[in-house]
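Take a look at the structure set out below.
Protein chains in written order, with the working numbering: chain P, 1335 to 1571; chain Z, 1335 to 1571.
In structure tokens, the structure reads:
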């Protein structure tokens, strides 16, 4: 008996909680995973070390780290030494300075190029429309617009073939639901890093937007976050 | 009397005939130009030297060369040493191997990020729907989809403000019309390079798709192409 070959997918992998859960979902759904990370001028490379450990542990077919420089244009606290990461700022009021201009558009564009070369029909991205810090490029209508663009941008659109799909399985999940799902899929969240301002050993600050969303998610799921914190707030806010 | 400041534009500049003409049009229309080029794993860097000379000569506010690696995924004769550039192949039959997967999508994504930081409302790109070698990411519907995406992707979409425009002033012009327009605007085409397979001194091959489209355009305009060719065909085909 012959069986159809497993479909390929490009999975954007930052080394954080969301993208790691997304990778586990792609694996569970039977995809052969080609993981893509970026060295994009972020101030710390700890998340890339995390991505490498996760890619190894989860058994991807291939893991590529693309070198791009998004810092050259400035404009974000995540890539610029001139702007500092806010501590304990109220979330959701406006787009924070940690927003990197056009970051997801750039990341998805590279994923699109790779998907075309691999003849993969699916790109997975771990964006989330609920606990998402208000970034415009995490909204459902943004992802739909990218999928539309992708199907016009590439050879498949003029030579026929399966349309490309941008899959965002976390889009409508809360942080709590993401953590619960990943835990069921066997994700080891100790490997993941979410902090915008980690210490030299990779320990999370406990006070940036990303830490606070993450800690609140674990608290709501009734689970202990296994990541290392240099200052773990007693109550997640 | 006070006057409004000149609007800013990001102009994608490859160093070729089309992008150089596009830059001249943006300048003529009163924009302060921020030119953006890419070192993207192309096999020859001659076009970047051309882009630098053109940016200087045309008086841009700033010229940035972004370092990205599109070659890592393979799949194109322009970035891969394993594939050779075709000579004297019939044009227009199918997408040629010189197509780089998702190239314009990646380039426009970077332009979008820079435009957001600069607070520029316009991105200029020299794509052309007539003499375009059949690349899917040069079609009007592709550019419209990118503009739509751009207006969903960025802060301007959630914080109000002017929509971003993707301007492709050459879209519906023939190569002949582009050359005639650029010549009226004072473009020095001797500075530009179009060849997919140039010699070490930057001399054009005269036989690749790009050379043949260019030579035919000059012939139809009744002008002599001032670029250096190592083998200039007697009759443009």
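Cβ atoms here follow ideal geometry from the backbone N, Cα and C, with glycine treated the same way. Computed from a prediction, not measured in an experiment: that's the story for all the values here.
What's the gap between the Cα of residue i and the Cα of residue j?
i	j	result
residue 1383 (chain Z)	residue 1370 (chain Z)	13 Å
residue 1554 (chain Z)	residue 1355 (chain Z)	17 Å
residue 1397 (chain Z)	residue 1344 (chain Z)	10 Å
residue 1385 (chain P)	residue 1527 (chain P)	9 Å
residue 1477 (chain Z)	residue 1540 (chain P)	42 Å
residue 1338 (chain Z)	residue 1364 (chain Z)	11 Å
residue 1517 (chain P)	residue 1559 (chain P)	11 Å
residue 1439 (chain Z)	residue 1568 (chain P)	45 Å
residue 1471 (chain Z)	residue 1535 (chain Z)	30 Å
residue 1457 (chain P)	residue 1520 (chain Z)	45 Å
residue 1538 (chain Z)	residue 1524 (chain Z)	11 Å
residue 1437 (chain P)	residue 1443 (chain Z)	8 Å
residue 1448 (chain P)	residue 1556 (chain Z)	42 Å
residue 1445 (chain Z)	residue 1403 (chain P)	13 Å
residue 1359 (chain Z)	residue 1496 (chain Z)	21 Å
residue 1418 (chain P)	residue 1532 (chain Z)	Note on residue 1418 (chain P): pLDDT 49, under 50, position unreliable in the model; the coordinate value appears next. Rounded to whole angstroms, residue 1418 (chain P) to residue 1532 (chain Z) spans 46 Å at the Cα level.
residue 1352 (chain P)	residue 1473 (chain P)	15 Å
residue 1357 (chain Z)	residue 1562 (chain Z)	22 Å
residue 1379 (chain P)	residue 1392 (chain P)	20 Å
residue 1450 (chain Z)	residue 1399 (chain P)	25 Å
residue 1484 (chain P)	residue 1361 (chain P)	23 Å
residue 1566 (chain Z)	residue 1390 (chain P)	53 Å
residue 1564 (chain Z)	residue 1340 (chain P)	49 Å
residue 1479 (chain Z)	residue 1479 (chain P)	7 Å
residue 1374 (chain Z)	residue 1374 (chain P)	15 Å
residue 1522 (chain Z)	residue 1549 (chain Z)	16 Å
residue 1490 (chain Z)	residue 1401 (chain P)	27 Å
Tell me which residues share the same chain as residue i and place their Cβ nearer than 7 Å to its Cβ, disregarding the 5 neighbours each side in the sequence.
i	result
residue 1441 (chain Z)	1346 and 1372
residue 1544 (chain Z)	1528, 1529 and 1530
residue 1348 (chain Z)	1371, 1381 and 1385
residue 1499 (chain Z)	1455, 1456 and 1481
residue 1387 (chain P)	1525
residue 1487 (chain Z)	1446
residue 1505 (chain P)	1461, 1462, 1463 and 1474
Mapping the DSSP letters down to three states, classify residue i as helix, strand or coil.
i	result
residue 1563 (chain Z)	strand
residue 1346 (chain P)	strand
residue 1521 (chain P)	coil
residue 1395 (chain P)	coil
residue 1382 (chain Z)	helix
residue 1389 (chain Z)	helix
residue 1401 (chain P)	strand
residue 1370 (chain P)	strand
residue 1340 (chain P)	coil
Ends of the alpha helix (DSSP H) at residue i?
i	result
residue 1446 (chain Z)	1437–1452
residue 1359 (chain Z)	1351–1362
residue 1546 (chain Z)	1543–1555
residue 1482 (chain P)	1474–1487
Tell me which same chain residues have a C-beta within less than 6 Å of the C-beta of residue i, skipping the five on either side of it?
i	result
residue 1551 (chain P)	1509, 1510 and 1513
residue 1459 (chain Z)	1346 and 1502
residue 1394 (chain P)	1367 and 1369
residue 1420 (chain P)	The predicted model places residue 1420 (chain P) with a pLDDT of 47, which falls under 50 and marks its position as unreliable, so this point remains unresolved.
Which residues bound the beta strand (DSSP E) around residue i?
i	result
residue 1457 (chain P)	1456–1458
residue 1500 (chain P)	1499–1501
In chain order, what residues of the same chain have a beta carbon less than 8 Å from the beta carbon of residue i, not counting five sequence neighbours either side?
i	result
residue 1452 (chain P)	1342, 1344 and 1368
residue 1350 (chain Z)	1381, 1384, 1460, 1526, 1527, 1528 and 1544
residue 1507 (chain Z)	1462, 1464 and 1515
Does the beta carbon of residue i fall short of 7 Å from some heavy atom of the ligand ATP?
i	result
residue 1390 (chain Z)	This structure does not include the ligand ATP; it has no bound ligands of any sort.
Consider the Cβ of residue i: report whether some Cβ of chain B lies at a distance smaller than 8 Å.
i	result
residue 1383 (chain Z)	Any reference to chain B falls outside this structure, whose protein chains are P and Z.
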